[in-house]
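Novice: Just passing along the structure, written as structure tokens.
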Amino acid sequence: MIVCDLDGTLLDSSGEVSPRTRLAIRRVHDAGHVVVIATARPVRDTRAVVVAVGGRALAVCGNGASVYDFARDELVAYSPIGETGAAAAVMVLREHFPAVRLGAEQGFDLLLEEGFALPSALGGQLARRVPRIEDALTREGFGKMIVQLNGAAGDYCAAVRDVLPGFEVTLSSGLFCEVMRAGVTKADALRGVARTFGLVDRDVIAFGDMPNDLPMLRWAGHAVAVANAHPDVLATVDEVTGSNDDDGVAKWLERMEWHSN
Numbered sequence: 430m431i432v433c434d435l436d437g438t439l440l441d442s443s444g445e446v447s448p449r450t451r452l453a454i455r456r457v458h459d460a461g462h463v464v465v466i467a468t469a470r471p472v473r474d475t476r477a478v479v480v481a482v483g484g485r486a487l488a489v490c491g492n493g494a495s496v497y498d499f500a501r502d503e504l505v506a507y508s509p510i511g512e513t514g515a516a517a518a519v520m521v522l523r524e525h526f527p528a529v530r531l532g533a534e535q536g537f538d539l540l541l542e543e544g545f546a547l548p549s550a551l552g553g554q555l556a557r558r559v560p561r562i563e564d565a566l567t568r569e570g571f572g573k574m575i576v577q578l579n580g581a582a583g584d585y586c587a588a589v590r591d592v593l594p595g596f597e598v599t600l601s602s603g604l605f606c607e608v609m610r611a612g613v614t615k616a617d618a619l620r621g622v623a624r625t626f627g628l629v630d631r632d633v634i635a636f637g638d639m640p641n642d643l644p645m646l647r648w649a650g651h652a653v654a655v656a657n658a659h660p661d662v663l664a665t666v667d668e669v670t671g672s673n674d675d676d677g678v679a680k681w682l683e684r685m686e687w688h689s690n
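Everything in the sequence shown is counted per our numbering, starting at 430 for the first residue and increasing by one.
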């Protein structure tokens with residue numbers, strides 16, 4: 430099973446899948462191997478990439494909160510932060526960080542508070558703006574929450590993690606940190622996906638670049654980082670390939686002899 434992160438890994442810096450990478454992924458598919466996208470992105474922002482690489486991939490989205498089968502257009506698994514947990518997290522964040530700006534995934538919608546800065550490439554233009562995120566909280570809870578303070582997210586993510594010990598807190602960009610239900614990671618979701626195919630960790634090759642990929646990379650039988658990866662990722666993996674702008678994932682896949690299962 431081949432597992433690949435999107436932003437900073439499979440996608441180049443313009444957010445596109447190169448022709449070389451498309452071909453490499455399709456060859457793996459055609460040989461009968463399982464290909465899974467594992468991303469912090471929600472389902473709606475993952476679909477175009479799956480189509481670009483052939484439309485057959487499963488996707489772990491929201492850092493493990495959702496598993497979506499694009500071939501069947503079906504949500505396979507969903508592990509949201511419940512209503513009570515989300516309300517508690519918001520209260521704690523407001524208490525410790527009065528200037529905090531919050532966002533959340535709710536179903537297939539992105540909710541952002543006024544003042545939350547998010548570029549259009551990450552869905553900022555499509556978001557529904559709300560005065561306070563807690564006012565939009567319903568019984569279904571939030572798939573994940575995103576937290577923005579002043580400065581780079583890498584500078585405040587640890588502080589957010591410290592005040593939310595009952596949640597998974599991670600980082601996939603410099604713009605915000607992300608909060609999921611306790612135990613929800615890419616690795617946890619991928620373990621379930623692998624099980625459905627009769628596979629275990631040693632059968633998995635995973636590619637990533639950021640701290641939110643670390644649970645996945647530590648779990649996989651073979652972990653590969655792109656050259657532009659975060660230092661913590663580079664220190665963890667078994668191997669480093671070329672950067673995302675140098676078709677690093679494709680170069681690694683092209684080295685393999687993909688025999689049909």
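Ideal placement from N, C-alpha and C gives every residue a C-beta, glycine not left out.
If we ignore side chains and look at the alpha-carbon of each, how far apart do T625 and E543 end up?
Specialist: Taking the first residue of the sequence shown as position 1, residue 625 is located at position 196. Taking the first residue of the sequence shown as position 1, residue 543 is located at position 114. Each residue's alpha carbon lies about 41 Å from the other.
Novice: Here's a check: name, in chain order, each residue in its chain whose Cβ is nearer than 6 Å to the Cβ of V592, leaving out the five neighbours to either side.
Specialist: Here residue 592 refers to the residue found at position 163 of the sequence shown. Excluding residues within five positions, the ones whose Cβ falls inside 6 Å are V521, H525.
Novice: Runs of 3 residues minimum, wholly inside the region 541 to 575: which ones carry the beta strand (DSSP E) assignment?
Specialist: Runs of the beta strand (DSSP E) inside the region 541 to 575: 557 to 559.
Novice: Could you tell me the boundaries of the beta strand (DSSP E) in which T450 lies?
Specialist: In the sequence shown, residue 450 corresponds to position 21, counting from 1. Looking at the DSSP string, T450 is not in any beta strand (DSSP E); the run it does join, the alpha helix (DSSP H), is 448 to 459.
Novice: Comparing C-alpha positions only, which one of V633, D674, G595, E503 sits nearest to D667?
Specialist: Position 238 of the sequence shown, counted from the start, is the residue given in the question as residue 667. When only C-alpha atoms are compared, the closest one is V633.
Novice: When burial is assigned at 16 or more other CB atoms within 10 Å of the CB, is T438 buried or exposed?
Specialist: Locating residue 438 in the sequence shown gives position 9, counting from the first residue. Looking at its Cβ environment, which holds 16 or more other Cβ atoms inside 10 Å, T438 is buried.
Novice: Rounding to the nearest angstrom, what Cα-Cα distance links F537 and R558 in this structure?
Specialist: Position 108 of the sequence shown, counted from the first residue, corresponds to residue 537. Position 129 of the sequence shown, counted from the first residue, corresponds to residue 558. For F537 and R558, the distance between alpha carbons rounds to 15 Å.
Novice: In whole angstroms, give me the CA-to-CA distance for V464 and M430.
Specialist: Taking the first residue of the sequence shown as 1, we reach residue 464 at position 35. Taking the first residue of the sequence shown as 1, we reach residue 430 at position 1. Rounded to whole angstroms, V464 to M430 spans 6 Å at the Cα level.
Novice: Counting C-beta neighbours from all protein chains within 10 Å, is the total for G603 16 or more, i.e. buried, or is it exposed?
Specialist: Numbered from its first residue, the sequence shown carries residue 603 at position 174. The residue in question, G603, is exposed, as its Cβ has fewer than 16 Cβ neighbours within 10 Å.
Novice: If we count Cβ pairs, one from each stretch, closer than 8 Å, do we get three or more for the region 671 to 685 versus the region 644 to 663?
Specialist: Touching, yes, given that three or more Cβ pairs across the two stretches are closer than 8 Å.
Novice: If I measure Cβ to Cβ from S447 and keep anything under 8 Å in the same chain, skipping five residues before and after, which residues do I get?
Specialist: The count along the sequence shown starts at 1 and reaches residue 447 at position 18. So the list reads D441, D676, A679, once near-sequence residues are dropped.
Novice: Label G627 either buried or exposed according to how many other C-beta atoms from any shown protein chain fall within 10 Å of its C-beta, with 16 as the threshold for buried.
Specialist: Counting from 1 along the sequence shown, the entry for residue 627 is found at position 198. It counts as exposed.
Novice: Taking the CB atoms as reference points, tell me whether I510 and L540 lie closer together than 8 Å.
Specialist: Taking the first residue of the sequence shown as 1, we reach residue 510 at position 81. Taking the first residue of the sequence shown as 1, we reach residue 540 at position 111. Taking 8 Å as the Cβ cut-off, I510 and L540 do not qualify as a contacting pair.
Novice: Could you pull out every unbroken alpha helix (DSSP H) segment of at least 4 residues lying fully inside the region 608 to 669, listed in chain order?
Specialist: Taking only runs of at least 4 residues, the alpha helix (DSSP H) segments lying wholly in the region 608 to 669 are 615 to 625, 643 to 648, 660 to 663.
Novice: Does the Cβ-Cβ distance between G621 and V662 come in under 8 Å?
Specialist: The sequence position of residue 621 within the sequence shown is 192, counting from 1. The sequence position of residue 662 within the sequence shown is 233, counting from 1. No; because the gap between Cβ atoms is not below 8 Å, this pair is not in contact.
Novice: Let's test the definition: count the other Cβ atoms within 10 Å of the Cβ of G580 and tell me whether it reaches 16, buried, or not, exposed.
Specialist: Here residue 580 corresponds to residue number 151 of the sequence shown, with the count starting at 1. With fewer than 16 other Cβ atoms within 10 Å, it is exposed.
Novice: On the DSSP bridge assignment, give the partners of T599 in chain order.
Specialist: For this step, residue 599 is matched to residue 170 along the sequence shown. Beta-bridge pairing links T599 to E607.
Novice: State the start and end residues of the unbroken alpha helix (DSSP H) segment that holds A518.
Specialist: Translated into positions along the sequence shown, residue 518 becomes position 89. Per DSSP, A518 belongs to the alpha helix (DSSP H) from 512 to 525.
Novice: By how many angstroms is the C-alpha of G461 removed from the C-alpha of M639?
Specialist: As a position in the sequence shown, residue 639 is number 210, starting the count at 1. As a position in the sequence shown, residue 461 is number 32, starting the count at 1. Each residue's alpha carbon lies about 28 Å from the other.
Novice: The beta strand (DSSP E) that contains G532, what's its start and end?
Specialist: Within the sequence shown, numbered from 1, the residue matching residue 532 stands at position 103. Element bounds for G532: 530 to 535.
Novice: State buried or exposed for R501, treating a residue as buried only when at least 16 other CB atoms are found within 10 Å of its CB.
Specialist: Counting from one through the sequence shown, the residue named residue 501 turns up at place 72. Exposed: under 16 other Cβ atoms inside 10 Å.
Novice: Do A453 and E683 have their beta-carbon atoms positioned less than 8 Å apart in this structure?
Specialist: As a first step, residue 683 must be located in the sequence shown, where it is residue number 254. As a first step, residue 453 must be located in the sequence shown, where it is residue number 24. In this structure, A453 lies closer than 8 Å to E683 by Cβ.
Novice: Rounded to whole angstroms, how far is the Cβ of G493 from the Cβ of M609, which I believe are closer than 8 Å?
Specialist: Within the sequence shown, the letter at position 64 stands for residue 493. Within the sequence shown, the letter at position 180 stands for residue 609. The pair is a contact, with the Cβ atoms about 7 Å apart (cut-off 8 Å).
Novice: What residues in its chain sit with their C-beta under 8 Å from that of V669, if we drop five residues either side in the sequence?
Specialist: Reading the sequence shown from its first residue, position 240 is the one you call residue 669. The residues are V653, A654, V655, A656, A658, L663.
Novice: Return the CA-CA distance between A518 and A556, expressed in angstroms with no decimal places.
Specialist: Locating residue 518 in the sequence shown gives position 89, counting from the first residue. Locating residue 556 in the sequence shown gives position 127, counting from the first residue. If I take the Cα positions, the gap works out to 21 Å.
Novice: Specify the secondary structure class of D502 as computed by DSSP and reduced to three states.
Specialist: Translated into positions along the sequence shown, residue 502 becomes position 73. Coil.
Novice: Rounded C-beta distance between A467 and D434? I'm assuming under 8 Å.
Specialist: Here residue 467 is taken as the residue at index 38 of the sequence shown, counted from 1. Here residue 434 is taken as the residue at index 5 of the sequence shown, counted from 1. Yes, A467 and D434 are in contact; Cβ-Cβ is about 6 Å, under 8 Å.
Novice: On the CB-based measure, 16 or more other CB atoms within 10 Å of its CB, does T567 come out buried or exposed?
Specialist: In the sequence shown, the residue the question calls residue 567 occupies position 138. Classification for T567: exposed.
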